[in-house]
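S.K.: One structure, pasted below without further comment.
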Amino acid sequence: MAGLKIKYTKTERARQKKILKISERMLPLFEAMEKSLMSTINTISERIEQIRNTIEQNRKASEPWVAVMSDSWVEIADFISVNEIVTKPVDVAGVRVQQFERVDFNIKPVNAGTPLWVDDAIELMEEQLQLEAEIKCLEIQIEVLEEELSDVRARVKLFEKRRIPNAKMAIRKIGQKLQDDERLTIATAKVVKTSRYEEASL
Amino acid sequence: MSNMVYLLCSLPSLTFGQAPPLSFEEFYSDSKKQLSSKHFKMLEEADTQKIDPGAKGKLQRIFGLNTRLQNDLEEIRDAKTEKRHPNLAHLPKSVTGSNPLEREKQIMQWQWEQLEAIESGSTFAFINVLVYKLKLQILIRMDSFNREQGAKVLASVVNGA
């Protein structure tokens, strides 16, 4: 503020008024965007929590039979692996993010000799892996949205703390200076007029 | 014959559900000393998972048991895909209602009972050695079922992907 250089002209005052008008119009928009981003981030965090609960429920449901997964006959990891996590781009609160669609798995087909529990384990692992992949996508979404949120917050701060007060101050100072100049001009003119009148009357 | 008697008498008795009293290596080591190379080769071939349509004699009975089991497993899988109740020809119907661990144990118990039926009437015959191996295989497999290890396997697949 201290180092602010102001041109004391009517054009500059008009320019500062324009800046003030735009800034006062933009500020509520950025504030609304900030609120929207915060609310979206909260919603995504809640969704992550829900998914984590589902993962835990599935894990607990498998507890009575999880022992079978250490079957010395079967290497269950050979039957299932993630090939690709499929996402699609969507706009969330005005920000482009990748939304989870599905997981593309590599599933080794079971044969007649494969123990039956392998089918159940593949089903369970598919579900858990899908849920984990969804969490990963949502966490990335939060990262992107938080980046945008900090950018929007910086803008709000810029408008609130600098642009609007600076423009207001510039308008006030230019107004005062222009008024002073006008008074000085009038006073000078009066002096000139008086001295001319005195010269003429002599 | 005396070798067979000696081998079978020297082996610890097996009960379904117990911890395996000896390892495969120990069993093979003892068997190799007492059996002829032909019998030992047959013993190596016998397996609770294996199917060999060309097998003859004693192995045919073992592989026949595996075939019956696999046919029922296929029927259970087909029924699940087609969303209907499975028509089991050999396995007890109770296997379809249990959790995967209990189901596996019930299947192994059925295999155990079938093996006992196969060896019934024989005391110190080669079939008893074959059945002993398969029973030991069942016990070793059942002993590998461990809740903590199983949970680690699940976590490694789910979190390590």
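Each protein sequence line maps, in turn, to chains A and B.
Following this note's numbering from start to finish, the first sequence increments by one per residue and tops out at 205.
Following this note's numbering from start to finish, the second sequence increments by one per residue and tops out at 153.
Using N, Cα and C, we set each Cβ at its ideal position, and we do this for glycine too.
Between which two residues does the alpha helix (DSSP H) harbouring residue 32 of chain B extend?
M.R.: Counting along the chain, the alpha helix (DSSP H) containing residue 32 of chain B begins and ends at 29 to 37.
S.K.: Is it the case that the Cβ atoms of residue 139 of chain B and residue 70 of chain A are separated by a distance below 9 Å?
M.R.: Yes, the Cβ-Cβ distance between residue 139 of chain B and residue 70 of chain A is below 9 Å.
S.K.: Please confirm whether residue 66 of chain A has its beta-carbon closer than 9 Å to some beta-carbon of chain B.
M.R.: Chain B contact via Cβ: present.
S.K.: Residues of the segment 71 to 89 of chain A in Cβ contact with chain B at a cutoff of 7 Å, in chain order, please.
M.R.: The segment 71 to 89 of chain A vs chain B, Cβ under 7 Å: 71, 72, 73, 74, 75, 76, 79, 80, 83, 84 and 85.
S.K.: Leaving out five residues on either side along the sequence, give the residues of the same chain with a beta carbon under 6 Å from the beta carbon of residue 41 of chain A.
M.R.: Closer than 6 Å at Cβ, skipping near neighbours: no residue.
S.K.: Counting Cβ pairs, one atom from each stretch, are 3 or more of them under 8 Å apart for the segment 179 to 194 of chain A and the segment -4 to 3 of chain B?
M.R.: Too few Cβ pairs lie closer than 8 Å, so no.
S.K.: Residues in the segment 132 to 159 of chain A with C-beta within 8 Å of chain B's C-beta atoms, listed in sequence order?
M.R.: Flagged, chain order: 132 and 135.
S.K.: According to DSSP, is residue 91 of chain A part of a helix, a strand, or is it coil?
M.R.: Of the three classes helix, strand and coil, the one that applies to residue 91 of chain A here is strand, per DSSP.
S.K.: Using the Cα positions of residue 5 of chain B and residue 12 of chain B, report the straight-line distance between them to the nearest angstrom.
M.R.: Going from the Cα of residue 5 of chain B to the Cα of residue 12 of chain B covers about 10 Å.
S.K.: What is the residue span of the beta strand (DSSP E) that residue 206 of chain A lies within?
M.R.: For residue 206 of chain A there is no data in the structure shown, the boundaries of chain A being 4 and 205.
S.K.: Could you have a look at residue 4 of chain A and say whether DSSP puts it in helix, strand or coil?
M.R.: Reliability fails at residue 4 of chain A, whose pLDDT of 49 lies under 50, so the model's placement of it is uncertain and no value is given.
S.K.: Assuming contact is defined by CB atoms lying nearer than 9 Å, are residue 145 of chain B and residue 110 of chain A in contact in what I supplied?
M.R.: No, Cβ-Cβ distance for residue 145 of chain B and residue 110 of chain A is not below 9 Å.
S.K.: In this structure, how does DSSP classify residue 5 of chain B when only helix, strand and coil are distinguished?
M.R.: The answer is coil: DSSP assigns residue 5 of chain B none of H, G, I, E or B.
S.K.: Please report the straight-line C-alpha distance between residue 141 of chain B and residue 86 of chain B, rounded to a whole angstrom.
M.R.: Their Cα atoms are separated by approximately 27 Å.
S.K.: Alpha carbons only, please: which of A:31, A:140, A:184 and A:170 is nearest the one belonging to residue 101 of chain A?
M.R.: Checking every option, the nearest Cα to that of residue 101 of chain A belongs to A:140.
S.K.: Which residues, in chain order, does the segment 119 to 130 of chain A contribute to contact with chain B at a C-beta distance below 8 Å?
M.R.: Here the close residues are 119, 120, 122, 123, 124, 127 and 128.
S.K.: Indicate the three-state DSSP secondary structure (helix, strand or coil) for residue 112 of chain B in the structure shown.
M.R.: Three-state DSSP puts residue 112 of chain B in coil, outside helix and strand.
S.K.: Decide if residue 24 of chain B is buried, meaning its Cβ has at least 16 other Cβ atoms within 10 Å, or exposed.
M.R.: So residue 24 of chain B counts as exposed.
S.K.: Report all residues from its chain with a CB closer than 6 Å to the CB of residue 138 of chain A; omit the five preceding and five following residues, and keep chain order.
M.R.: Closer than 6 Å at the Cβ level, and outside the excluded window around residue 138 of chain A, lie 51 and 54.
S.K.: Excluding the five sequence neighbours on either side, which residues of its own chain have a C-beta within less than 8 Å of the C-beta of residue 30 of chain A, listed in chain order?
M.R.: Answer for residue 30 of chain A: 159, 162, 163 and 167, listed in chain order.
S.K.: For residue 133 of chain B, count the other beta carbons within 10 Å of its own beta carbon; 16 or more makes it buried, fewer makes it exposed. Which is it?
M.R.: Residue 133 of chain B comes out buried.
S.K.: Roughly how many angstroms separate the alpha carbons of residue 24 of chain A and residue 169 of chain A, rounded to a whole number?
M.R.: Between residue 24 of chain A and residue 169 of chain A, the C-alpha separation is close to 12 Å.
S.K.: From the DSSP output, which residues share a beta bridge with residue 84 of chain A?
M.R.: BP columns for residue 84 of chain A point to A:109.
S.K.: At a threshold of 8 Å, does residue 105 of chain B count as lining the ligand PLP (C-beta to nearest heavy atom)?
M.R.: Ligands displayed in this structure: none; no statement on the ligand PLP is therefore possible.
S.K.: Starting from the beta carbon of residue 97 of chain A, find every residue of chain B whose beta carbon is closer than 7 Å, and list them in chain order.
M.R.: Chain B residues near residue 97 of chain A: none, gap ~33 Å exceeds 7 Å.
S.K.: Are any of the Cβ atoms in chain A nearer than 9 Å to that of residue 18 of chain B?
M.R.: No, because no Cβ of chain A sits closer than 9 Å to the Cβ of residue 18 of chain B.
S.K.: Who are the near neighbours of residue 80 of chain B in its chain, counting only those whose CB is closer than 8 Å to its CB and skipping five residues on each side?
M.R.: Excluding sequence neighbours, residue 80 of chain B sits near 64, 67, 68, 87 and 88.
S.K.: List the residues of chain A whose Cβ lies closer than 7 Å to the Cβ of residue 76 of chain B, in chain order.
M.R.: Simply none; closest approach about 16 Å.
S.K.: Please report whether the beta-carbon of residue 127 of chain B lies at a distance below 9 Å from any beta-carbon of chain A.
M.R.: Output row for residue 127 of chain B: interface = no.
S.K.: Let me make sure I understand the geometry here. Which of A:106, A:96, A:92 and A:121 has the alpha-carbon closest to that of residue 95 of chain B?
M.R.: Of the listed residues, the one whose Cα sits closest to residue 95 of chain B is A:121.
S.K.: For chain B, is any of its Cβ atoms less than 9 Å away from the one on residue 100 of chain A?
M.R.: No, no contact with chain B.
S.K.: So with CB distances below 7 Å, who are the chain B contacts of residue 69 of chain A?
M.R.: Those within 7 Å of residue 69 of chain A in chain B are 139, 142, 143 and 146.
S.K.: Can you say whether residue 58 of chain B is buried or exposed, counting buried as having 16 or more other CB atoms within 10 angstroms of its CB?
M.R.: Residue 58 of chain B is buried by the Cβ-count criterion.
S.K.: Keeping to the same chain, check which residues put their C-beta closer than 6 Å to that of residue 4 of chain A; ignore five residues upstream and five downstream.
M.R.: Note that residue 4 of chain A scores 49 on pLDDT, short of 50, meaning its location in the model is unreliable and no value can be drawn from it.
S.K.: Which value, in whole angstroms, describes the spacing of the CA atoms of residue 131 of chain A and residue 61 of chain A?
M.R.: Approximately 8 Å, taken between the alpha carbons.
S.K.: Given this structure, state the Cα-to-Cα distance separating residue 2 of chain B from residue 31 of chain B, to the nearest angstrom.
M.R.: Taking the straight line joining both Cα atoms gives about 18 Å.
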